[in-house]
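In full-length UniProt numbering, the protein residues as written are 1 to 383.
No residue lacks a Cβ here, since even glycine has one placed at the ideal position from N, Cα and C.
Written out as structure tokens, the structure is:
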């Protein structure tokens, strides 16, 4: 690969990672502003490529969807989020093609995945849902197969896998609407967005040659990897809390909950992942004891995560990675303060959105730490 091509790939990967972070932030803004069902159809919005704007279009939209009256201040948010996600998909497709360029069959697989995904959307809009699902399954499988056949290690495979993840993420976005904000789907959509961001960020870190020639850092890979797993579990708990509208289940009390250290809770109902089809989950369906259980579980998870990541930052600092350790510590404290602020301030939209964004930043700092434990390869081709 020529130096110019290498520079272009590095720049594209960095821009895609930054753009993915923005998409995650905007998605959180859409969800937290209760705009997740503001467009009752997918991928259009009340049958429009954008959203209804004129009085006649709004009247037609209300007539076509009488159960979901049009709300201008919400609909644009949902559709703009879809546009942003689609733009990110194009960037990921370009990265996947570049990553697979040395193997013709891998390139063909990536291109076919893009075609199948596009045709699957068209079939869905025509009501051919079974055909659409089959095409989407092929669109997800093909990049995974292509990545497995690459003789290049690391970041090159990640660049191809990211395409499969973002196609599945698009399906989760569709199911978020069609399954009426089912919590397991909403939580999966959040995790899918963060997974896309993490994959792109990791590829960018490696292609920008973030690593170390010091073998002493290899011993830190396991604790950093465990930290990533712990954080992802906590993010999943946060997504479950948000999707079940349990963020204020303890009122504005912290560290107590509803004025008690341990109020009435129902953990069994709180963590039923699948409740069937046809239920509208907007606003939540659980009673207060179940929501309180979710909120308490999230707080316990936050304590565990804080303790482990604080210890990890200390260990990284003592090992010589002081900059990375400080970054983890600062972002970790900011995230805890935002979480407490969400409760005490009654879940204001800017604070709640920032809480999602800082979670993504915390994940990035851990990926940076993991990259620093990797041996720096000699050439771009061996990344």
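Cβ neighbour criterion (16 or more within 10 Å) applied to residue i
i: residue 87; result: exposed
i: residue 259; result: exposed
i: residue 301; result: buried
i: residue 158; result: buried
i: residue 72; result: exposed
i: residue 40; result: buried
i: residue 280; result: exposed
i: residue 350; result: exposed
i: residue 121; result: buried
i: residue 256; result: exposed
i: residue 135; result: buried
i: residue 268; result: exposed
i: residue 372; result: buried
i: residue 56; result: exposed
Rounded Cβ spacing between residue i and residue j (contact assumed at less than 8 Å)
i: residue 292; j: residue 250; result: 6 Å
i: residue 142; j: residue 37; result: Between residue 37 and residue 142 the Cβ distance is about 31 Å, and since that is not below 8 Å, they are no contact.
i: residue 265; j: residue 296; result: 6 Å
i: residue 165; j: residue 196; result: 5 Å
i: residue 145; j: residue 114; result: Not really, about 14 Å apart at Cβ, beyond 8 Å.
Backbone CA spacing between residue i and residue j [nearest angstrom]
i: residue 95; j: residue 156; result: 9 Å
i: residue 116; j: residue 247; result: 39 Å
i: residue 174; j: residue 43; result: 7 Å
i: residue 243; j: residue 186; result: 6 Å
i: residue 221; j: residue 52; result: 51 Å
i: residue 204; j: residue 61; result: 43 Å
i: residue 299; j: residue 274; result: 23 Å
i: residue 49; j: residue 85; result: 14 Å
i: residue 106; j: residue 68; result: 44 Å
For residue i, three-class secondary structure by DSSP
i: residue 275; result: coil
i: residue 250; result: coil
i: residue 260; result: strand
i: residue 126; result: coil
i: residue 299; result: helix
i: residue 152; result: coil
i: residue 103; result: coil
Item to complete: Ignoring anything shorter than 4 residues or poking outside the stretch 5 to 90, list the alpha helix (DSSP H) runs there in chain order.
Response: 55 to 64
Practice prompt. Note down, one range per segment and in chain order, each alpha helix (DSSP H) of at least 4 residues found wholly within the stretch 181 to 225.
Written response: Runs of alpha helix (DSSP H) with 4 or more residues, each lying fully within the stretch 181 to 225, are found at 183 to 207, listed in chain order.
Worksheet item: Could you give the uninterrupted runs of the beta strand (DSSP E) lying entirely in the stretch 312 to 339, keeping only those of 3 residues or more?
Response: Considered as a whole, the stretch 312 to 339 harbours no complete run of any beta strand (DSSP E) with no fewer than 3 residues.
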